[in-house]
Amino acid sequence: MRLVNRWSSSFRWVVGLVLVVFLALIVLTFRLSKPLEDRTYVPLEEVITPEITLLQEYVRIDTSNPPGRELDGARFLIAELARRGVTAELIESAPGRANVYARIKGKRRGDGLLLLHHIDVVPPGAEGWSEPPFAAKTKANMLYGRGTLDMKSIGISHLLAFADLAAMESPPQRDVVFLAVADEEAGGALGVAWLLANRPDVFEDVGFALNEGGISETAEEKPRLFGIEVGTRQLVNLSLKARERRPLELARTALLPFQNPRDPERILPEVPGILRNASMYRIEKRELLADVEATIANGDFFRLSTVDRSLFFSAMSLDGVLAAPEGGFTMNVVLNNLSDVNPDDAIARVRQIVDRFGVAIEVVSKQGPSPITPTDSRLFALISEEVRRSYGDEVFVGPIILPFSSNDSRYLRPRGIRAYGLSPFPVTLYQTWGIHGSDERIRLDWFVEGVKLTRRVVARFAMEQ
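Residue 446 in numbering that gives the first Met the number 0 is what sits at position 447 of the sequence shown, and the numbering runs on without skipping anything.
Right, dumping it as structure tokens:
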């Protein structure tokens with residue numbers, strides 16, 4: 000009888016444990032069926048401020064490129080500046096391709112500040128959106144829409160900061176320029192590049208620029224890092240052509256080793272310092288990043304992250320071989336060069352590799368070289384101070400080089416303009432997936448705080464003696 004009771008007790012215990020595990024699995028399955036962001040983010044109560052309303056109006060204007068529809072967006076910006084007492088100029092680089100320029104004159108010449116953003120956005124695509132991409136709807140303390148992050152939110156922060164200066168009784172110490180441009184998403188030929196060639200007066204007395212390119216990292220809904228962009232990759236777009244498919248296939252095989260190099264090519268002078276700064280908050284890689292020259296010498300380069308390794312070599316991406324509409328075959332090649340690479344040298348290297356296969360090369364576009372912006376400036380110091388004022392002293396602020404992308408700052412740096420990429424709004428990993436993707440969105444309270452941050456940075460830098 001005692002054995003039976005013992006067995007019955009054990010059986011009940013096992014059954015109870017199975018039921019607990021079963022219920023736990025049901026709960027876990029339910030939680031995992033929801034996006035991770037929904038499980039970590041408890042939405043705050045939505046408060047729609049004038050800044051948010053202004054961003055909604057801007058996002059609702061479809062400025063997709065291609066085909067390039069900046070004109071309505073430009074007219075909106077000019078009207079909003081006019082409402083705030085600022086006269087702005089509409090500059091068309093081509094029919095319907097619009098740029099907006101306004102300037103506040105300072106007391107002294109030189110070292111003026113350029114507030115730069117692009118009006119155009121990438122087309123949203125037809126799938127994956129939970130809200131219409133140009134409806135600018137709010138949901139769960141988020142504003143959804145194409146351009147909310149890239150980069151109409153920054154444009155609104157620039158506009159309001161510029162209007163603040165215009166409303167002051169005394170002029171700033173230095174010139175401040177508001178510039179909204181066309182065509183960044185397609186390379187900038189009808190935007191910054193066109194203006195530099197045809198309207199150099201726009202950049203007269205400009206020594207500094209605020210643009211896109213900055214990054215942020217968050218943990219448990221709190222910002223922990225703001226990266227201020229000081230350099231980008233330089234892209235070269237090539238189209239390889241041949242009458243038959245086989246030569247291009249052979250050329251592709253010959254180029255494959257250059258797609259993802261395994262070893263460092265060289266160390267740019269600025270990179271060790273940038274990674275040393277990063278080691279202060281990236282605990283898991285601190286030893287590797289603190290002395291990257293030693294890391295490479297010790298054979299530990301492979302232990303760096305993909306992003307960090309990319310700072311040490313130029314790379315390339317290779318499309319497949321396709322039939323060309325005009326006959327024959329074609330293959331697109333994108334060279335992703337380090338910032339100081341002469342594009343003609345990079346093209347010559349590709350030509351040397353593929354010439355033996357009888358392949359022709361068409362240069363579609365090329366960038367570079369472009370220097371890294373120094374960080375020993377008053378503007379960089381002000382950005383660091385104001386980021387910590389907004390988000391706390393524990394937030395790390397440091398320079399970054401964009402590993403896989405570029406922006407209009409590449410046109411400014413070779414001309415001596417010290418350009419910094421500042422995204423003043425914390426952005427979670429899940430939000431970054433919306434940039435050039437679906438459900439692009441910005442958190443409302445972080446947007447409002449980022450606008451305040453931008454206004455303070457611009458006012459302090461413009462007014463300081």
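All residues carry an ideal CB built from backbone N, CA and C; glycine is no exception.
### Query
Given a threshold of 16 other Cβ atoms within 10 Å of its Cβ, counted over all protein chains shown, does residue 231 qualify as buried or as exposed?
As a position in the sequence shown, residue 231 is number 232, starting the count at 1. Buried, since its Cβ has 16 or more Cβ neighbours within 10 Å.
### Message
Pull the bridge partners of residue 177 from the DSSP assignment, please.
### Response
In the sequence shown, counting from the first residue as 1, residue 177 sits at position 178. BP columns for residue 177 point to 101 and 114.
### Message
Can you tell me which residues form a DSSP beta bridge with residue 228?
### Response
For this step, residue 228 is matched to residue 229 along the sequence shown. Per DSSP, 399 and 420.
### Task
Could you pull out every residue in the same chain whose Cβ sits closer than 7 angstroms to the Cβ of residue 70, ignoring the five residues on either side in sequence?
For this step, residue 70 is matched to residue 71 along the sequence shown. Result list for residue 70: 95 and 97, in chain order.
### Query
In terms of alpha-carbon separation, which member of 90, 58, 115 and 79 lies closest to residue 416?
Position 417 of the sequence shown holds residue 416. Nearest option by C-alpha distance: 115.
### Query
Given that a residue counts as buried once 16 or more other Cβ atoms are within 10 Å of its Cβ, and exposed if not, what is residue 233?
Taking the first residue of the sequence shown as position 1, residue 233 is located at position 234. Buried, because 16 or more other Cβ atoms sit within 10 Å of the Cβ of residue 233.
### Query
By DSSP, does residue 451 sit in helix, in strand, or in coil?
Residue numbering aside, residue 451 sits at position 452 when the sequence shown is read from its first letter. Annotated three-state conformation of residue 451 is helix, per DSSP.
### Cβ distance (whole Å) where residue 133 is taken to contact residue 158 below 8 angstroms
Taking the sequence shown and counting its residues from 1, one reaches residue 133 at position 134. Taking the sequence shown and counting its residues from 1, one reaches residue 158 at position 159. That pair is no contact at about 19 angstroms.
### Query
Can we say the segment 347-363 touches the segment 419-430, given the rule of at least three CB pairs closer than 8 angstroms?
The segment 347-363, when compared against the segment 419-430, does not touch it at the 8 angstroms Cβ threshold.
### Query
Measuring CB to CB, does residue 356 end up less than 7 angstroms from residue 244?
As a working note, residue 356 is residue 357 in the sequence shown. As a working note, residue 244 is residue 245 in the sequence shown. No, these two residues do not count as a Cβ contact at 7 angstroms.
### Query
Between which two residues does the beta strand (DSSP E) harbouring residue 233 extend?
Against the sequence shown, residue 233 aligns to sequence position 234. 233-241 is the span of the beta strand (DSSP E), which, as asked, contains residue 233.
### Task
Tell me whether residue 207 is buried or exposed, calling it buried when 16 or more other Cβ atoms sit within 10 Å of its Cβ.
The count along the sequence shown starts at 1 and reaches residue 207 at position 208. It is buried - the Cβ of residue 207 has at least 16 other Cβ atoms within 10 Å.
### Task
Confirm, please, whether the CB-CB distance from residue 368 to residue 340 is below 7 angstroms.
Reading the sequence shown from its first residue, position 341 is the one you call residue 340. Reading the sequence shown from its first residue, position 369 is the one you call residue 368. The beta carbons of residue 340 and residue 368 sit closer together than 7 angstroms.
### Cutoff 8 angstroms; reference residue 235; Cβ partners in own chain excluding five residues on either side
By one-based count along the sequence shown, residue 235 stands at place 236. Result list for residue 235: 333, 334, 336, 342, 345, 346, 362, 364, 365, 366 and 367, in chain order.
### Task
Apply the 10 Å Cβ neighbour rule to residue 466 and answer buried if 16 or more other Cβ atoms are within range, or exposed otherwise.
Because the chain is modelled from 0 through 464, residue 466 falls outside the range shown and cannot be assessed.
### Query
Exposed or buried, residue 396, counting other C-beta atoms within 10 Å across all chains shown (16 or more means buried)?
As a first step, residue 396 is located in the sequence shown; it is residue number 397 there, counting from the start. It is buried - the Cβ of residue 396 has at least 16 other Cβ atoms within 10 Å.
### Query
Where residue 450 and residue 144 are concerned, what is the direct C-alpha to C-alpha distance, given to the nearest angstrom?
Along the sequence shown, read from residue 1 onward, the residue named residue 450 stands at position 451. Along the sequence shown, read from residue 1 onward, the residue named residue 144 stands at position 145. Distance from the CA atom of residue 450 to the CA atom of residue 144, rounded to whole angstroms, is 18 angstroms.
### Query
At which residues does the beta strand (DSSP E) containing residue 151 begin and terminate?
One-based indexing of the sequence shown puts residue 151 at position 152. Segment 151-166 is the alpha helix (DSSP H) holding residue 151; no beta strand (DSSP E) there.
### Query
Taking Cβ to Cβ, would you say residue 452 is nearer than 7 angstroms to residue 423?
Locating residue 452 in the sequence shown gives position 453, where the first residue counts as 1. Locating residue 423 in the sequence shown gives position 424, where the first residue counts as 1. For residue 452 and residue 423, yes; Cβs fall inside 7 angstroms.
### Query
DSSP state of residue 372, grouped into three classes?
If you number the sequence shown from 1, residue 372 lands on position 373. Coil.
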